[in-house]
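Q: With the working numbering, the residue at position 311 of the sequence shown is 291, and numbering never jumps.
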Amino acid sequence: MRLTGGEIVAEYLIAQGVEYVMGIPGHGCLGLADAFIGRGDRIKVIKMKQEMSGVHIADGYYRACGKPLAVFTSIGPGAINTAIGAATAFVDSKPVMILTGSPQTYMRGKGLLQEIERSRDDDFHRVLVPCVKRSWQADSVAQVPSIMKRAFNIMMTGRRGPVNVVLPMDVQSDSTDVALPKPALSAPAGKSNPDSGEAARAVKLLAAARRPVILAGGGVASAGAERKLLELAELKGAAVVTTMQGKGVFPEDHPLYAWHTGSKGTSVGLHFTSTADVIVAVGCRFADETACSYRPGVAFSIPPTKLIHIDIDPYEIGKNYPAEVGIVSDASTALGEIVNGLSEIAAKREIRSAAFIKEIGIENAKWAKHIQKLLSVKTKYPTISQVLREMRGAMARDAFLVTSSGNTQAQMLQEFPFYVPGTCITTGGFSTMGFTVPAAIGVKLAQPGRQVVAMAGDGEFMMTMQEMATAMELGTPVVFVVVNNQGWLAIKDLQMDAYGKDRAIAVDFTTPDGKPYSPDFAATAKAFGLHAQKVESLKGIAPALKKALTSGRPSLVEITVHRDYPYSGSPAVGWWDVPIPTYLKDRRAKYEKSKKQEKLW
């Protein structure tokens, strides 16, 4: 059959089961955009309002259902707008196909409108090189089928991640006779299995452990290994602690759950990860936030703690901590093999420690008592802790909560329990502001029958609030919760904590006379057409949320929250290395002391 380059892309996306493609047409992608005309019954085009948001929509969609989407852009600024979304997906290992327009092959290097060419002709693709698994630049329409096939294979295998396909304008519009590759016959099959010898070593080490901890990372969700994780934890009686991307892979009302570790961690999580004799780390890269900036004994004591590290990417094993056992494997198959080996030992002798399991309950009770203190604080406006409690009570057990960064994310990690695997959608190592609103739209597209709530601070919300228009156009009844504290309060809290209460700068939203400033988000949402409410009291939160969740429309609930330190956030019980200027060297000792006190509260 004879197809243009644009039609080859469209047909291959359809063959791969891609349901939506996000894009803003421009002169650099007209041939590609036109190819979707007449194919709307098989693939739908979504018109987001900024290209970065398109990548975030695709990212959120994948996290919620495990299927990838594509984004197309014009040349120049539209293509570059995808960089933040690509980096977010890359760091969190989420697949997105990014299709970007570029100059005609015969016009490269002439300084075409929006071409970047002073260092190299048509040089845009190098902008995304650090943010994608692989980038391709087609030179002819005949190359497109092979590029699309390889792009999908690389995007969806191993450690998954985004890819970029650069399509010159003439390649999009030229045609050729082509037989499209069949996805089922072109993609690698099967899963990466663990080395049997290493798995046997892991079983032996874990069977003898008296203080076993499983550190669950994002690789558990990527591999669909939640059930195997639960089986292993219950078989051994191990404490399960999560990373930022692992949050929600284990039911958080389970007696073996020990919450979160790291700089945004909990006392219970830090206690167990720092005192374990054996840690099984699954799909975890030991980033600085998880590892409390690698300060010995705070998050981890490796060694003497023995580490069993399971990851599909060999690059991560032993990168930051020495691994007693390193297993390069899909998380599900590795955990399954360990469960099988451990079950044989458990059939012959007791491998669980009743005292250790009791200790998990005791430490959880201590953390719950701490949270209760945060909830009982009396302030004019609700605290974020109180908002989270009211949200949990109003939301269904299997509802999705989407967050991205700042105090809302940190306190979600510490305080908000998830009961159903996969319902926590949040950014990890790139900590991307602006993710929440578009990602929530993607989640709702993937799971239209379930509640989706997006929680963002007012600063973050303003970065992508224009996508309320996209939610209205799509009719996706997502609920946006804007926690309004009139500033970048997470950074303000950090400045005051590390540098001193008189050192906050460029973090408060104010008018020229210094008074706190905020747009009227509820009124703005109404202008976009959303169902919207503004809440300033604790008792008004749950009714407003329930009304929004049952409205059947895109909705927004603006909640004015307490903004004065220290109850603008919550205590950071972990450690994060924040360099302090030499002219504030007296603050270093005070900061160190405050961190020790917070750890001992």
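Where is the CB? At the ideal position from N, CA and C, for every residue including glycine.
1. In or out: residue 467 buried (at least 16 other Cβ within 10 Å) or exposed?
2. For residue 450, which of 430, 424, 464 has the nearest alpha-carbon?
3. In terms of residue numbering, what span does the alpha helix (DSSP H) encompassing residue 27 cover?
4. Give me the DSSP bridge partner(s) of residue 2.
5. Could you tell me which of 53, 154, 34 sits nearest to residue 105, measuring between CA atoms?
6. For residue 284, tell me which candidate among 299, 268, 198, 304 has the shortest Cα-Cα distance.
7. Any chance you could list the beta strand (DSSP E) runs of at least 3 consecutive residues sitting entirely within the stretch 325 to 388, in chain order?
8. Drop a sphere of 10 angstroms on the beta-carbon of residue 406, count the other beta-carbons inside from all chains shown, and report buried for 16 or more, exposed for fewer.
9. Tell me the DSSP secondary structure of residue 577 in three-state form.
10. Take residue 590 as the anchor and find which of 331, 295, 113, 518 has the nearest alpha-carbon.
11. Between residue 75 and the rest of its own chain, which residues show a CB-CB distance below 8 Å, the 5 nearest in sequence each way excluded?
12. With residue 157 as the anchor, note down where its beta strand (DSSP E) starts and where it stops.
13. Taking only three categories from DSSP, how would you classify residue 224?
14. Give a yes or no on whether the C-beta atoms belonging to residue 200 and residue 253 are separated by under 8 Å.
15. State yes or no: is the C-beta of residue 63 within less than 8 Å of the C-beta of residue -7?
16. Taking the alpha carbon of residue 171 as the point to measure from, which residue in 300, 138, 328, 526 has its own alpha carbon closest?
17. With distances taken from CA atoms, which of 312, 327, 263, 113 is nearest residue 298?
18. Measuring straight from C-alpha to C-alpha, what distance separates residue 393 and residue 189?
19. Please classify residue -17 as buried or exposed, where buried requires at least 16 other C-beta atoms within 10 Å of its C-beta.
20. Identify whether residue 253 lies in helix, strand or coil by the three-state DSSP scheme.
21. Let me check understanding here. Comparing Cα to Cα, which of 404, 14, 223 lies closest to residue 268?
22. Thinking just about the alpha-carbon of each residue, which of 147, 286, 73, 128 is nearest to the one in residue 102?
23. Short of 6 Å in beta carbon distance, which residues of its chain neighbour residue 289, apart from the five on each side in sequence? Order them along the chain.
24. Go ahead and pull the three-state DSSP assignment for residue 81.
25. Buried or exposed: residue 552, going by 16 or more other Cβ atoms within 10 Å of its Cβ?
26. Are the Cβ atoms of residue 24 and residue 453 separated by less than 8 Å?
27. Given a threshold of 16 other Cβ atoms within 10 Å of its Cβ, counted over all protein chains shown, does residue 352 qualify as buried or as exposed?
28. Is DSSP giving residue -18 helix, strand or coil here?
29. For residue -10, I'd like the list of residues in its chain whose CB is within less than 6 Å of its CB, leaving aside the five on either flank, ordered along the chain.
30. So the alpha helix (DSSP H) residue 147 belongs to, where does it begin and stop?
31. Note down the Cα distance separating residue 90 from residue 97, rounded to an integer number of angstroms.
32. DSSP three-state label for residue 178, please.
33. Based on the DSSP output, what are the partners of residue 538 in its beta bridges?
34. Mind checking who residue 116 pairs with in its DSSP beta bridge?
A: Concretely, from the data shown:
1. Under a 10 Å Cβ-count criterion, residue 467 is classified as buried, with 16 or more other Cβ atoms of the shown protein chains found around its own Cβ.
2. 424
3. For residue 27, no alpha helix (DSSP H) run applies, since DSSP gives it neither H nor E.
4. 26, 51
5. When C-alpha distances from residue 105 are compared across 53, 154, 34, the shortest belongs to 53.
6. 304
7. 380 to 383
8. buried
9. Note on residue 577: pLDDT 48, under 50, position unreliable in the model; the coordinate value appears next. Note: residue 577 maps to helix in three-state DSSP.
10. This structure leaves residue 590 out entirely; the chain is present only between -19 and 581.
11. 42, 48, 69, 135, 136, 140, 141, 142, 143
12. 155 to 157
13. coil
14. no
15. No, the Cβ-Cβ distance between residue 63 and residue -7 is not below 8 Å.
16. Residue 171 has its Cα closest to that of 138, out of 300, 138, 328, 526.
17. Ranking 312, 327, 263, 113 by Cα distance to residue 298 puts 263 first.
18. 28 Å
19. buried
20. helix
21. Of 404, 14, 223, the residue nearest in Cα terms is 223.
22. 147
23. Same-chain partners within the cutoff: 261, 297, 303, 306.
24. strand
25. By the 10 Å Cβ count, residue 552 comes out buried.
26. Not a contact, by the Cβ cut-off of 8 Å.
27. Residue 352 sits exposed, since fewer than 16 C-beta atoms from the chains shown fall within 10 Å of its C-beta.
28. strand
29. 15, 16, 19
30. Careful: residue 147 lies outside any alpha helix (DSSP H), inside the beta strand (DSSP E) at 143 to 148.
31. 8 Å
32. helix
33. 462, 514
34. 145
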